[in-house]
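Enquirer: Structure in structure tokens, see below.
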Amino acid sequence: MTGGESEENTQVPPSSGSPAESPATTPVRPSRRTFLLGGGLAVVAGAGAGVGVEYWRDRPAPVPQRHAPAPLRAALAAERDLLAVLDAALPGAGAAAPFLRQVRADHLAHERALAAAVTEAGGAPAGTSAPPTGTASTAPAAPVRSVAQLRQGETDASRAAARRARQLTGRNAALLASIAACEASHAELLA
Amino acid sequence: MTATLQDAWQAALGAEQRAAFGYGLLGAHLHGSPQLPLAITCSDQHEALRDATEQAIAAAGLTPQAPAADYPDLYPVTSAAQAGALAVRLEDDCATAWRYLYAVAAQPNGTQARALRSTAQSALTASAVRATQWRRVTDPSAATVAFPGL
């Protein structure tokens with residue numbers, strides 16, 4: 007049978023490498039155990055070398071230092087300032103508090119979108135993100151402002167965002183254009 | 008001017024034509040309502056922007072697209088509440104069209120159409136503000152959206 011012949015041809019002779027059958031006059035011939043141990047070490051070493059090569063190959067190549075455009079970074083800073091101002095105003099806002107909470111939620115969304123855009127454009131983290139809830143900010147305490155002052159602040163922020171949008175191109179420009187429109191709607195809400 | 012920019016400009020005109028039609032439709036259901044003056048103001052603003060956009064497109068040597076004879080997707084409107092909801096929808100749709108024009112005009116490898124960007128910003132902002140005016144009536148707890156036009 008062909009299968010039987012194949013098995014026979016591949017079998018290792020049981021006596022192969024046996025010390026009893028090894029001539030004492032041939033010390034350079036390795037024993038079976040030595041041969042297998044050496045082979046195993048070679049395999050491990052080879053695999054290790056391969057892993058090492060892959061490790062170095064997978065390390066990110068140095069990339070040129072990039073910086074996010076200044077208008078984008080300024081827009082992010084402005085959003086964080088607005089969040090700090092709202093956090094200062096909310097505790098004493100009274101009847102205006104529900105509106106201010108809406109405004110704050112929008113600014114938080116702006117801050118997150120701009121932080122992502124800055125990170126993408128600059129290749130570096132964009133700093134501390136604003137807290138998700140409206141009572142504590144990591145930013146320095148801002149002066150408490152009246153609703154009228156907050157409204158004026160939103161109007162100013164809208165104009166600044168539109169101006170920064172004009173200085174940019176692509177989707178970051180469109181992002182700031184939309185943020186400018188939102189901040190104008192905040193001024194309307196606080197009217 | 009690229010074909011994409013032309014198409015975006017015509018789409019903004021189309022949104023304004025549709026909004027002008029829509030306000031005519033919804034205004035009929037606001038007689039006696041405190042929102043009627045707002046509807047009239049918004050309608051006037053959309054008609055003015057529609058006309059100005061048509062003229063600007065023509066002045067650029069292009070043919071402004073004609074308005075549709077009807078806009079079946081705006082129906083039905085049978086109450087003041089539905090009228091308010093439609094007004095929000097019209098403003099959101101206009102914001103989307105103008106923001107798209109802004110984005111196309113701001114492409115880094117395309118035409119830097121500064122004048123169009125300025126027009127688009129103004130129109131986008133105006134629609135966002137009008138949408139907030141309507142949402143204060145229809146859904147005061149969510150009167151603004153973070154990214155108008157998106």
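Chains as they are written, first to last, in the numbering used here: chain A, 7 to 197; chain B, 8 to 157.
All C-beta atoms, glycine included, are put in the ideal place defined by N, C-alpha and C.
What you are looking at is a predicted structure, and each value in this text was computed from that prediction instead of being measured.
Alpha carbon to alpha carbon, how far is Leu82(A) from Thr60(B)?
Expert: 33 Å
Enquirer: Cβ of Ser143(A) less than 9 Å from any chain B Cβ?
Expert: Unreliable placement is indicated for Ser143(A), whose pLDDT of 47 sits below 50; no coordinate value is reported for it.
Enquirer: Would you say the segment 11 to 18 of chain B touches the segment 178 to 196 of chain A, given that touching needs at least three Cβ pairs under 8 Å?
Expert: no
Enquirer: At a Cβ cut of 7 Å, what residues of the segment 112 to 137 of chain B count as close to chain A, listed as they run along the chain?
Expert: For the segment 112 to 137 of chain B, which is checked against every Cβ of chain A, the residues closer than 7 Å are Ala113, Gln114, Pro115, Arg124, Gln128, Leu131, Thr132, Ala135, Val136.
Enquirer: Mark Thr139(B) as exposed unless 16 or more other C-beta atoms lie within 10 angstroms of its C-beta, in which case mark it buried.
Expert: buried
Enquirer: If we count the other Cβ atoms within 10 Å of its Cβ and call it buried at 16 or more, is Gly159(A) buried or exposed?
Expert: buried
Enquirer: What is the DSSP secondary structure of Gly21(B), reduced to helix, strand or coil?
Expert: helix
Enquirer: If contact means a Cβ-Cβ distance below 9 Å, which residues of the segment 90 to 124 of chain A contact chain B?
Expert: Correct list: Pro104, Phe105, Gln108, Val109, Ala111, Asp112, His113, Leu114, Ala115, His116, Ala119.
Enquirer: Tell me whether the beta-carbon of Ile47(B) lies closer than 9 Å to the beta-carbon of Gly39(B).
Expert: no
Enquirer: Between Leu114(A) and Leu89(A), which are expected to be in contact by the criterion C-beta below 8 Å, what is the C-beta distance as a whole number of angstroms?
Expert: 7 Å between Cβ atoms; contact.
Enquirer: For Asp51(B) and Ser134(B), I'd like the C-alpha separation in whole angstroms.
Expert: 13 Å
Enquirer: Against Arg96(B), what residues of chain A qualify as contacts under a CB-to-CB distance less than 9 Å, listed in chain order?
Expert: What Arg96(B) touches in chain A: nothing, since even the nearest Cβ is about 16 Å away.
Enquirer: Please confirm if the segment 76 to 92 of chain B is in contact with the segment 147 to 159 of chain A, defined as three or more CB-CB distances below 8 Å between the two stretches.
Expert: no
Enquirer: Reducing DSSP to helix, strand and coil, say where Leu157(B) ends up.
Expert: coil
Enquirer: Using CA atoms only, rank isn't needed, just tell me which of Arg170(A), Ala127(A), Ala103(A), Pro97(A) is closest to Glu85(A).
Expert: Arg170(A)
Enquirer: Terminal residues of the continuous alpha helix (DSSP H) containing Val136(B)?
Expert: 121 to 145
Enquirer: Give the residues of chain A in contact with Gln62(B), contact being defined as C-beta atoms less than 7 Å apart.
Expert: Going along chain A, no residue has its Cβ under 7 Å from Gln62(B), so there is no contact; the nearest lies around 23 Å.
Enquirer: If you run the structure through DSSP and keep just helix, strand and coil, what is Thr161(A)?
Expert: helix
Enquirer: Residues of chain A with CB closer than 8 Å to the CB of Pro155(B), please, in chain order.
Expert: Here the neighbours are Ser184, Ala187, Cys188, Ser191.
Enquirer: So is Pro147(B) in contact with chain A if we call contact Cβ pairs under 9 Å?
Expert: yes
Enquirer: Report yes if the C-beta distance between Ala102(B) and Thr145(B) is below 9 Å; otherwise report no.
Expert: No, they are not a contact pair.
Enquirer: Suppose you measure from the CA of Val109(A) to the CA of Glu194(A); what does that come to, to the nearest Å?
Expert: The alpha-carbon atoms of Val109(A) and Glu194(A) are separated by roughly 11 Å.
Enquirer: Step through the CB atoms of chain B and report whether any lies within less than 9 Å of the CB of Ala154(A).
Expert: no
Enquirer: Is the Cβ of Gly140(A) closer than 9 Å to any Cβ of chain B?
Expert: Residue placement at Gly140(A) is poorly supported in this model, since its pLDDT is 44, which falls under 50; the coordinates still yield a value, given next. No, no contact with chain B.
Enquirer: With respect to the alpha helix (DSSP H) encompassing Ser152(A), which residues constitute its N-terminal and C-terminal limits?
Expert: Segment: none, Ser152(A) is in no alpha helix (DSSP H) and carries neither H nor E.
Enquirer: Between Leu196(A), Ala179(A), Arg172(A), which has its C-alpha nearest Leu120(A)'s C-alpha?
Expert: Among Leu196(A), Ala179(A), Arg172(A), the Cα nearest to that of Leu120(A) belongs to Ala179(A).
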